[in-house]
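> Residue numbers (my numbering), protein chains in the order written: chain E, 18 to 176; chain U, 18 to 176.
All residues carry an ideal CB built from backbone N, CA and C; glycine is no exception.
Keep in mind the model is a prediction, meaning the values are calculated, not measured.
Right, I'll just put the structure down here and ask away after.
Protein chains: 2
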Amino acid sequence: MNKSKLQQELKQNHPFDSAATEAVISIHRTADRIRARLNALLRSFQLTTQQYNVLRILRGAGETGLPTLEIRQRMIESNPGITRLLDRLVTKGLVHRQRCPTDRRQVLCWATPEALELLARLDQPVVEINRQMMAVLDEDQQQQLIQLLDLVRSTVGTV
Amino acid sequence: MNKSKLQQELKQNHPFDSAATEAVISIHRTADRIRARLNALLRSFQLTTQQYNVLRILRGAGETGLPTLEIRQRMIESNPGITRLLDRLVTKGLVHRQRCPTDRRQVLCWATPEALELLARLDQPVVEINRQMMAVLDEDQQQQLIQLLDLVRSTVGTV
DNA sequence: GATCAATAGTTGACTAATCAAGTATTGAAT
DNA sequence: ATTCAATACTTGATTAGTCAACTATTGATC
Numbered sequence: 018m019n020k021s022k023l024q025q026e027l028k029q030n031h032p033f034d035s036a037a038t039e040a041v042i043s044i045h046r047t048a049d050r051i052r053a054r055l056n057a058l059l060r061s062f063q064l065t066t067q068q069y070n071v072l073r074i075l076r077g078a079g080e081t082g083l084p085t086l087e088i089r090q091r092m093i094e095s096n097p098g099i100t101r102l103l104d105r106l107v108t109k110g111l112v113h114r115q116r117c118p119t120d121r122r123q124v125l126c127w128a129t130p131e132a133l134e135l136l137a138r139l140d141q142p143v144v145e146i147n148r149q150m151m152a153v154l155d156e157d158q159q160q161q162l163i164q165l166l167d168l169v170r171s172t173v174g175t176v
Numbered sequence: 018m019n020k021s022k023l024q025q026e027l028k029q030n031h032p033f034d035s036a037a038t039e040a041v042i043s044i045h046r047t048a049d050r051i052r053a054r055l056n057a058l059l060r061s062f063q064l065t066t067q068q069y070n071v072l073r074i075l076r077g078a079g080e081t082g083l084p085t086l087e088i089r090q091r092m093i094e095s096n097p098g099i100t101r102l103l104d105r106l107v108t109k110g111l112v113h114r115q116r117c118p119t120d121r122r123q124v125l126c127w128a129t130p131e132a133l134e135l136l137a138r139l140d141q142p143v144v145e146i147n148r149q150m151m152a153v154l155d156e157d158q159q160q161q162l163i164q165l166l167d168l169v170r171s172t173v174g175t176v
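Okay, here's the thing in structure tokens:
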């Protein structure tokens, strides 16, 4: 009886009940390993993956800035604690906040020049890590993976 | 210019620098959505995904139990706070702990009968959720996804 | 049998995430 | 003009995660 690779990794003796379950666990496990790798890099810059994600979103938004909850929506991983995450980035001098003049409910956020500098130093290493981690897959396989995951996400929300 | 689905989800205006980067972000985003779905179910049982994962591992280990750090190794997502995670499960009456008689450094852990009952009630719903979330993919595509992720994990550790 | 590195886990201090309940502002409908 | 629901956060209380330093035990070497 051949054990799947994932089964071996988790030292499980029972096979998965279905390919669906194995796929789900596989996605989690892979995401965790990838996150750990990025974390190792960001750690030397005193950033968490969430903080890094926010800064990249703000860089993308440019001069106009973004309201708090819009940032939350654009984040890769959902984050109910966005206000305090931004608090910490403000404390670090990486984010600037100001109440929106036209809609005073909103608080607009921008990446500071310091943040942009930090991001610039991270760009190449991050691209390189991603490239290395995906280097086992050829271009076709990478596209396949992206498409399969697109499909999965298209239904998860509706289930 | 066609934006990728992921780009649309994240409301990004710039294309990804490479398929590798899109694949990496895609994995994170998908894992997050799937975790949210499982969370919604576990929440009504007052369990976190990590706690649920530990209980399943202990159920799999059966009568012989498992030492603390062995549990950590088998977890889907790495967890440095395993001791306190177990503390909470002990408080809830779901885990029983005892120092190992043959190697007094180790602490063996077991799922309690209450935990086994709880897990039994969760089995069907969890299988069903996984099935539903992966139902957009046919059996071949599910196997493809599993294999692609296997490949990715096989290198991530070595990068 | 004494020393010493390795293993297994715990603890303390700190940071971060979660949830529910709250405030301020806006826009729409009387 | 006034009420009322909706939006956009913010706050407090609680729980969980992280990191480094520590204790206890074991196994190996001299």
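Listing by chain order, which chain E residues have their CB less than 9 angstroms from the CB of V144/U?
Per Cβ cutoff of 9 angstroms: D34, S35, A37, T38.
> Which residue comes first and which comes last in the alpha helix (DSSP H) that contains R46/E?
Where R46/E is concerned, the enclosing alpha helix (DSSP H) stretches over 36-60.
> Using only the alpha-carbon positions, how far apart do L125/E and R76/E sit?
Approximately 13 angstroms between the Cα atoms of the pair.
> Look up L83/U in the DSSP assignment and give the residues it is bridged to.
L83/U is bridged to C126/U.
> Mind checking which residues open and close the alpha helix (DSSP H) that includes V107/U?
V107/U -> alpha helix (DSSP H) spans 99-108.
> Counting only beta-carbon atoms, is I44/E nearer than 8 angstroms to chain U?
Interface residue, yes.
> Excluding sequence positions up to five away, which residues of its chain have a Cβ less than 8 angstroms from the Cβ of R54/U?
So the qualifying residues of the chain are I146, M150.
> Would you mind telling me which residues of chain E sit closer than 9 angstroms to D104/U, beta carbon to beta carbon, in chain order?
Those within 9 angstroms of D104/U in chain E number zero; the least Cβ separation is about 22 angstroms.
> Counting only beta-carbon atoms, is H31/U nearer than 8 angstroms to chain E?
Closer than 8 angstroms: yes.
> Under 8 angstroms, with one C-beta from each stretch per pair, do the segment 92-105 of chain U and the segment 130-149 of chain E reach the 3-pair mark?
No, because fewer than three Cβ pairs between the segment 92-105 of chain U and the segment 130-149 of chain E fall closer than 8 angstroms, the two stretches do not touch.
> Determine which residues share a DSSP beta bridge with Q138/U and list them.
Before going on, a small fix: residue 138/U reads as Arg here, not Gln. None; R138/U has no bridge partner.
> What does DSSP give as the partner residue(s) for R116/U in the beta ladder?
DSSP output for R116/U lists V124/U as bridge partner(s).
> Quick one: grab the DSSP three-state call for V71/U.
Correct three-state label for V71/U: helix.
> Secondary structure at Q63/U, three-state DSSP: helix, strand or coil?
Note: Q63/U maps to coil in three-state DSSP.
> Which value, in whole angstroms, describes the spacing of the CA atoms of L103/E and C117/U?
So the alpha carbons of these two residues sit roughly 46 angstroms apart.
> Using a Cβ-Cβ distance under 8 angstroms, would A152/U count as near chain E?
So, interface residue.
> Going by the CB atoms, is the gap between V71/U and I88/U shorter than 8 angstroms?
Yes, the pair counts as a contact, with Cβ atoms nearer than the cut-off.
> Only counting the same chain, and skipping five residues up and downstream in sequence, which positions put a Cβ closer than 7 angstroms to that of I51/E?
Excluding positions up to five away in sequence, the list reads M150.
> Starting from L166/E, trace the alpha helix (DSSP H) both ways and give me its first and last residue.
Segment 156-173, the alpha helix (DSSP H) holding L166/E.
> With a cut-off of 8 angstroms, do at least 3 Cβ pairs link the segment 30-38 of chain U to the segment 33-43 of chain E?
No contact exists between the segment 30-38 of chain U and the segment 33-43 of chain E.
> Between A48/E and chain U, is the shortest Cβ-Cβ distance under 8 angstroms, so that the two count as touching?
Judged by the 8 angstroms Cβ criterion, A48/E is in contact with chain U.
> Around the C-beta of G82/U, are 16 or more other C-beta atoms found within 10 angstroms, so that it is buried, or is it exposed?
Counting Cβ neighbours within 10 Å, G82/U comes out buried, since at least 16 surround it.
> Output the boundary residues of the alpha helix (DSSP H) element that contains L23/E.
Per DSSP, L23/E belongs to the alpha helix (DSSP H) from 22-26.
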